[in-house]
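Sequence order for the protein chains is A and B. 16 is the number of the first residue of the first sequence in the working numbering; add one for each residue after it. 8 is the number of the first residue of the second sequence in the working numbering; add one for each residue after it. C-beta: ideal position from N, C-alpha, C; glycine also. The model shown is predicted, which means the values in this text are computed figures rather than measured ones. Have a look at the structure below before the remarks.
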Amino acid sequence: MSTTENTTGRGTKDVHIGDDSAIAREAVLPAAGGSDPRPLAAPTTSVNPIQRDHATTIFEKSVAGRRAFVAPDAGVPEVALDEIIPAAFRRKAPARLPQVTEPELVRHYVRLSRRNFDLDTGFYPLGSCTMKYNPRLHERVGALPGHARLHPFQTADHAQGALEVMYGLERQLAEVSGLPHVCLQPSAGSHGELAGVLLARAYHEARGEKRTKVLTPDTAHGTNPATVTMAGLEVVKVATNPDGGVDIDDLRAKADEDVALIMLTNPNTLGIFDPNIEEIASIVHGVGGVLYYDGANLNAIMGISRPGDMGFDIVHFNLHKSFTQPHGGGGPGSGPIAVSDRIAPYVPVPVIRREEVPAADGEGTTHRFDLVSDPDRLPDGAPGSKTIGKLRGFQGNYGVFVRCYSYILSLGGSGLKDASEVAVLNANYLLAKLEELGVRKQLPLAFGTRCMHEFVISGGPMKRELGIRTLDLAKRLLDHGFHPPTVYFPLLVEEALLIEPVETEARETLDAFAEALAEILREAGEDPTIAQNAPYSTPVRRLDEAGAAKKPRIRQPIA
Amino acid sequence: MTRYTTATDADREAMLAAVGVSSISELIAEQIPQSLLLDRPLDIPEGLSEQEVYTELASLAARNTSAEDEVTFLGAGMYDHYVPSIIDMLLGRSEFLTPYTPYQPEVSQGGLQVMFEYQTAISELTALPVSNASVYEGPSAVGAAAYLAKLVNGKKRIVVSAGVHPHTIQMLGTLAVGYGSEVVVVPLKDGATDQEAWAAAVDGETSCAILQQPNFLGAVEDVQALSDAAKDDSPAVVIGAYDPLTLGVLAPPGETGVDVAVGEGQTLGNRLDFGGPSFGFFAAREAFLRRMPGRIAGETVDVDGRRGFVLTLQTREQHIRREKATSNICTSQALNALAGVVYLGWLGREGLPELANLLVQRTHYARTTLAAIDGVELLHEQPVVREFALRLPGVDVEQLVSYVQDHGVNPGLALTRTHAGTYDDGLLVAVTEQRTKEQIDELAALIGDAIAAQRGGATSANARTEISA
Ligand SMILES: Cc1ncc(COP(=O)(O)O)c(C=O)c1O
Chain A
16 MSTTENTTGR
26 GTKDVHIGDD
36 SAIAREAVLP
46 AAGGSDPRPL
56 AAPTTSVNPI
66 QRDHATTIFE
76 KSVAGRRAFV
86 APDAGVPEVA
96 LDEIIPAAFR
106 RKAPARLPQV
116 TEPELVRHYV
126 RLSRRNFDLD
136 TGFYPLGSCT
146 MKYNPRLHER
156 VGALPGHARL
166 HPFQTADHAQ
176 GALEVMYGLE
186 RQLAEVSGLP
196 HVCLQPSAGS
206 HGELAGVLLA
216 RAYHEARGEK
226 RTKVLTPDTA
236 HGTNPATVTM
246 AGLEVVKVAT
256 NPDGGVDIDD
266 LRAKADEDVA
276 LIMLTNPNTL
286 GIFDPNIEEI
296 ASIVHGVGGV
306 LYYDGANLNA
316 IMGISRPGDM
326 GFDIVHFNLH
336 KSFTQPHGGG
346 GPGSGPIAVS
356 DRIAPYVPVP
366 VIRREEVPAA
376 DGEGTTHRFD
386 LVSDPDRLPD
396 GAPGSKTIGK
406 LRGFQGNYGV
416 FVRCYSYILS
426 LGGSGLKDAS
436 EVAVLNANYL
446 LAKLEELGVR
456 KQLPLAFGTR
466 CMHEFVISGG
476 PMKRELGIRT
486 LDLAKRLLDH
496 GFHPPTVYFP
506 LLVEEALLIE
516 PVETEARETL
526 DAFAEALAEI
536 LREAGEDPTI
546 AQNAPYSTPV
556 RRLDEAGAAK
566 KPRIRQPIA
Chain B
8 MTRYTTATDA
18 DREAMLAAVG
28 VSSISELIAE
38 QIPQSLLLDR
48 PLDIPEGLSE
58 QEVYTELASL
68 AARNTSAEDE
78 VTFLGAGMYD
88 HYVPSIIDML
98 LGRSEFLTPY
108 TPYQPEVSQG
118 GLQVMFEYQT
128 AISELTALPV
138 SNASVYEGPS
148 AVGAAAYLAK
158 LVNGKKRIVV
168 SAGVHPHTIQ
178 MLGTLAVGYG
188 SEVVVVPLKD
198 GATDQEAWAA
208 AVDGETSCAI
218 LQQPNFLGAV
228 EDVQALSDAA
238 KDDSPAVVIG
248 AYDPLTLGVL
258 APPGETGVDV
268 AVGEGQTLGN
278 RLDFGGPSFG
288 FFAAREAFLR
298 RMPGRIAGET
308 VDVDGRRGFV
318 LTLQTREQHI
328 RREKATSNIC
338 TSQALNALAG
348 VVYLGWLGRE
358 GLPELANLLV
368 QRTHYARTTL
378 AAIDGVELLH
388 EQPVVREFAL
398 RLPGVDVEQL
408 VSYVQDHGVN
418 PGLALTRTHA
428 GTYDDGLLVA
438 VTEQRTKEQI
448 DELAALIGDA
458 IAAQRGGATS
468 ANARTEISA
């Protein structure tokens with residue numbers, strides 16, 4: 016690696032890339048984007064030595080004899096294991112788990128945590144993922160033992176608070192989606208999709224129709240087509256028109272009696288609200304198909320427009336996106352679905368019922384919640400009365416429900432609308448800022464002139480004019496303390512950057528991000544190799560992904 | 008303005024001016040047809056302050072009877088194990104709590120190394136060479152394994168033991184519609200999978216054969232015999248749904264002929280949370296690596312030769328392979344899997360067998376003590392680890408549960424709730440390390456009282472039956 020000189024003219028100094036000793040002397044954490052006015056050296060090597068740890072695993076730190084766990088006394092008469100479980104059924108050698116003390120365990124994982132970028136530290140405009148602030152109140156209420164230590168087989172009479180949370184959340188989500196019934200069970204968005212496609216199948220099959228095709232636009236997220244295959248149906252792609260919406264002619268040509276459903280995201284993954292949605296709905300309904308709404312982008316329209324009113328029959332929510340469940344490094348999430356009356360009988364069980372019961376004091380009535388799994392106990396036509404069954408154990412990711420219910424209580428109906436409005440404003444402001452700074456000459460908006468809560472710019476011109484790719488730009492953004500936007504999709508845009516700034520980010524942060532993009536383009540004009548070799552300031556630099564896949568090493572060998 | 012949005016009125020004005028519109032409504036009206044704009048406020052009450060929300064959620068929590076409020080012997084898939092304090096601390100750290108899937112490995116080494124360590128721990132536990140970085144939870148992990156089997160051999164019959172969790176069996180029926188498969192359930196005999204019926208059910212058209220260890224009734228299955236029988240003359244992939252903590256004492260799947268081991272990870276450092284979030288683990292023989300669902304972290308080096316980790320074998324996944332992907336899973340349960348690996352590190356090589364032995368001993372004591380009560384019998388006599396099933400002939404078990412609960416103890420699951428018509432007089436009792444000898448003795452006393460109370464009232468109950476008959 017060559018020595019590169021700072022070319023910004025701000026605080027010029029030589030830095031030696033890849034030399035840990037030089038790095039160690041500069042024990043400074045990389046500044047989070049927008050929050051630190053220090054001029055950025057380019058390339059910078061400001062890395063904390065802890066972050067450049069040698070990635071020793073907990074297994075390699077194991078030392079015989081060390082331990083954290085101390086078992087309580089059994090307190091019962093000890094019986095020889097042989098008398099309880101025959102030796103043939105027993106484990107011969109213990110699993111070679113680490114042998115470490117509690118202090119070492121804590122230090123190991125805290126140090127690992129410092130090798131992660133996170134949303135509390137910096138801007139995270141990962142398109143389609145709605146990286147909005149995660150209120151800590153939610154962690155506090157989620158940890159209350161009444162929620163956290165409630166057993167999922169607890170009888171309904173002893174879980175009235177939990178059932179009220181779930182019932183309340185169902186009602187809130189129904190109102191946001193404009194559809195009457197909600198099932199909270201699916202574990203994430205793609206699990207909700209699977210529920211939805213199986214529901215559409217069940218609906219058609221109950222009417223004696225065997226429909227095999229699912230229309231998906233080429234802007235669809237990968238989970239949509241993958242789900243279709245798992246549900247035993249066939250993907251039929253629908254083209255995108257020059258405005259970024261569904262190509263209506265192509266849709267007409269493909270919509271026929273074999274179509275079970277269409278899966279749409281609206282606004283779609285280009286951040287564009289399809290103005291023809293009512294026509295799309297009437298075409299698909301016209302051939303007897305069902306409309307499925309991928310709710311990953313619901314953060315654009317809460318309280319503004321509702322999928323149910325657009326003509327959708329089934330909607331999934333990503334509670335980890337629009338409703339602040341922390342993303343956890345890749346979950347847990349939750350993917351409830353809302354459905355129309357005609358789909359409702361098929362929803363997974365158990366369903367929550369709210370029943371009027373006589374009040375304890377004998378005066379008037381009160382209500383009680385129940386969880387019903389047996390379809391025979393449900394009135395004809397009621398949700399779950401012709402259930403497709405179950406998608407998972409128990410009733411869903413309840414811990415997530417507690418958080419999202421709290422969020423909706425905090426914001427209220429008007430607050431949800433305000434959140435969406437500011438998300439749209441922030442995205443359009445960032446677009447305007449990129450225009451003002453001249454960034455959009457080399458990173459033009461892929462479709463349209465405005466956007467909803469996110470937008471896609473194309474790195475095509477940048478690649479041709481400056482010789483750097485979107486991936487290079489993304490990696491260089493890391494040196495500026497920003498998490499890059501989504502770069503692996505949508506597939507139909509050359510060198511796509513899908514940017515979602517979210518409502519919880521301040522204008523100054525958006526300005527700083529726009530300036531960083533402008534700076535990277537300017538820098539690439541002078542020396543494209545800087546971006547091409549970025550990042551420099553991160554715990555590790557570009558990694559050999561091809562090598563990792565060629566000869567997979569997916570576990571620590573243990574001596 | 009909400010307390011989480013940052014834009015002040017002045018910000019909004021300046022930003023609207025930069026965009027070149029006069030209001031947010033105008034910006035939206037340019038894009039959404041008038042007919043689709045909601046012309047009324049959402050019917051959701053006005054927002055509340057933080058302290059009001061806290062008070063509301065605390066009062067809802069108080070209306071639940073949690074494992075903090077009663078002495079619980081309830082299990083049947085999720086268990087009241089102790090969650091060490093370091094897990095709360097580590098999972099609460101922003102760096103683990105708030106990022107998403109590590110698509111940018113240079114700034115996600117913490118999360119990726121956690122996945123790598125987790126995969127190692129699961130491989131060690133199961134004695135199977137490859138593990139992914141987690142799936143949603145226990146039952147759906149079985150569904151994912153059945154899908155792998157379908158991809159591997161293209162066969163259409165799913166054979167499942169009746170000893171598998173009823174939620175899992177029901178879910179297999181739901182998924183089988185999509186997989187184009189049929190589900191055949193093999194009955195139990197003396198509490199364990201009927202080996203003859205199992206051998207007969209698994210044939211050349213069988214895609215996978217699914218067992219659970221220990222099974223739903225707590226019985227330890229003869230896994231080696233079941234996998235041998237399943238592989239005799241059949242392409243079937245043998246899938247085992249395991250309770251991971253019991254692997255502290257039970258023979259691991261990789262050494263007893265199981266091809267894919269999955270299971271519910273809740274017992275590894277995760278809360279009960281009324282059923283989730285937890286995680287599902289998924290481990291397999293090497294040959295199935297490229298058909299696995301979900302994220303997998305792999306070791307590599309960076310341009311300077313430093314050790315690092317990346318998401319690997321992504322060409323299996325939906326974001327690359329779309330309709331040809333090996334699964335549709337995207338967001339999984341990374342934070343819960345972190346709890347799992349920290350918990351396994353906390354228990355450690357010696358601690359896991361010690362804890363398992365403790366469970367075996369206390370459970371054995373509880374089983375013997377309860378079975379000695381007049382009116383109580385064992386539902387089966389198979390060996391057990393931390394859960395066992397009882398029969399209480401002639402007793403209304405749901406009523407007994409409610410009687411015992413009124414005295415501050417939850418005696419377990421009335422099997423009418425999961426197996427009505429099959430085990431109507433059954434009670435499933437789980438004993439974790441949080442249950443002491445004194446609590447077990449108290450449970451025994453209360454069950455005795457409850458039976459006596461029901462017998463005492465039997466005359467009037469019989470009288471009612473006679474009248475209605
Ligand atoms: C547009 C879109 N659809 C579906 C999904 C899948 O959701 P999940 O990851 O919750 O399964 C995602 C995101 O991850 C998405 O961005």
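(message) On a Cα-Cα basis, can you pick out the residue from A:E378, A:A374 and A:K405 that is closest to A:V387?
(response) A:K405
(message) Under 7 Å: does the beta carbon of A:D309 sit that close to some heavy atom of ligand 1?
(response) yes
(message) Just to make sure I have the definition right: I need the residues of chain B whose C-beta is within less than 7 Å of the C-beta of A:F504. Which are they?
(response) H326
(request) Could you spell out the range, first to last residue, of the beta strand (DSSP E) harbouring A:Y413? (result) Note, A:Y413: premise wrong, no beta strand (DSSP E); alpha helix (DSSP H) at Y413 to E451.
(message) Considering just the uninterrupted stretch of the alpha helix (DSSP H) at A:H162, what are its terminal residues?
(response) P160 to A163
(request) Go to A:D385, then tell me how far its beta strand (DSSP E) extends in each direction, as first and last residue. (result) T380 to V387
(message) Within 8 Å of any Cβ in chain B, is that where the Cβ of A:S36 sits?
(response) Caution applies to A:S36, whose pLDDT of 35 falls short of 50 and renders its modelled position unreliable; the model cannot decide the point.
(message) For the structure I just gave you, are there three or more beta carbon pairs, one from the region 411-427 of chain A and one from the region 328-341 of chain A, closer than 8 Å?
(response) yes
(request) Go to A:D278, then tell me how far its beta strand (DSSP E) extends in each direction, as first and last residue. (result) First, the amino acid is wrong: residue 278 of chain A is Met here, not Asp. V274 to L279 is the span of the beta strand (DSSP E), which, as asked, contains A:M278.
(message) Between the alpha carbons of A:G348 and A:A203, how many angstroms are there, rounded?
(response) 5 Å
(request) Give the interface partners of A:E520 over in chain B, defined as CB-CB distance under 8 Å, in chain order. (result) T13
(message) Applying the 10 Å Cβ sphere with the 16-neighbour rule, what's the burial state of A:V94?
(response) exposed
(message) I want to see whether chain A comes within less than 8 Å of B:S115, judged by CB atoms only; does it?
(response) yes
(message) Quick check: what's the CA-CA separation for A:E117 versus A:P290?
(response) 58 Å
(message) Which residues does DSSP list as the beta-bridge partners of B:S115?
(response) A:N131
(request) Please name the residue in B:P40, B:A452 and B:L44 whose C-alpha comes closest to that of B:T376. (result) B:A452
(request) List the residues of chain B that A:L440 touches, going by C-beta distances under 8 Å, in chain order. (result) A14, R19, M22, L23, V26, I31 and L34
(message) Assuming contact is defined by CB atoms lying nearer than 8 Å, are B:V60 and A:L152 in contact in what I supplied?
(response) yes
(request) Determine the closest residue to B:Y110 out of B:V349, B:A304 and B:D18, with distance taken between C-alpha atoms. (result) B:A304
(message) Assuming B:I31 is part of the alpha helix (DSSP H), what are its boundary residues?
(response) I31 to A36
(message) Below 7 Å on C-beta distance, what does B:C337 contact in chain C?
(response) Among the protein chains in the structure shown, which are A and B, there is no chain C.
(request) List the residues that DSSP assigns as beta-bridge partners of A:P588. (result) For residue 588 of chain A there is no data in the structure shown, the boundaries of chain A being 16 and 574.
(request) Tell me where the beta strand (DSSP E) around A:F332 begins and ends. (result) I329 to F332
(message) Here's the rule I'm using: 16 or more other beta-carbon atoms within 10 Å means buried, otherwise exposed. How should B:A460 be labelled?
(response) exposed
(request) Check the Cβ-Cβ distances between B:G84 and every residue of chain A, and say whether any is below 8 Å. (result) yes
(message) Excluding the 5 residues flanking A:D51 on each side, which residues of the same chain have their C-beta closer than 8 Å to its C-beta?
(response) Caution is warranted here: a pLDDT of 42 is assigned to A:D51, below 50, making its placement in the model unreliable, and no coordinate value can be reported.
(request) Could you pull out every unbroken beta strand (DSSP E) segment of at least 3 residues lying fully inside the region 196-260 of chain B, listed in chain order? (result) 213-220 and 244-249
(message) Can you pull the chain B neighbours of A:Q175, defined as C-beta to C-beta under 9 Å?
(response) L67, R70 and N71
(message) Shorter than 7 Å, the distance from the beta carbon of A:S205 to the closest heavy atom of ligand 2, or not?
(response) Looking for ligand 2 in the displayed structure turns up nothing; the ligands present are ligand 1.
(request) Tell me whether B:G347 is buried or exposed, calling it buried when 16 or more other Cβ atoms sit within 10 Å of its Cβ. (result) buried
(request) Go ahead and pull the three-state DSSP assignment for A:H153. (result) helix
(request) To the nearest angstrom, report how far apart B:V392 and B:H371 are at their CA atoms. (result) 8 Å
(request) Can you give me the Cβ contacts of A:P201 inside the same chain, cut-off strictly under 6 Å, excluding the 5 residues immediately before and after it? (result) G207, A210, G350 and L406
(message) Let me make sure I understand the geometry here. Which of A:Q66, A:L452, A:G176 and A:R568 has the alpha-carbon closest to that of B:L296?
(response) A:R568
(request) Whole angstroms is fine: what's the gap from A:E530's alpha carbon to A:L452's? (result) 7 Å
(request) Kindly provide the ranges of any beta strand (DSSP E) runs that are 3 or more residues long and lie completely inside the region 220-253 of chain A, ordered along the chain. (result) 228-232 and 249-253
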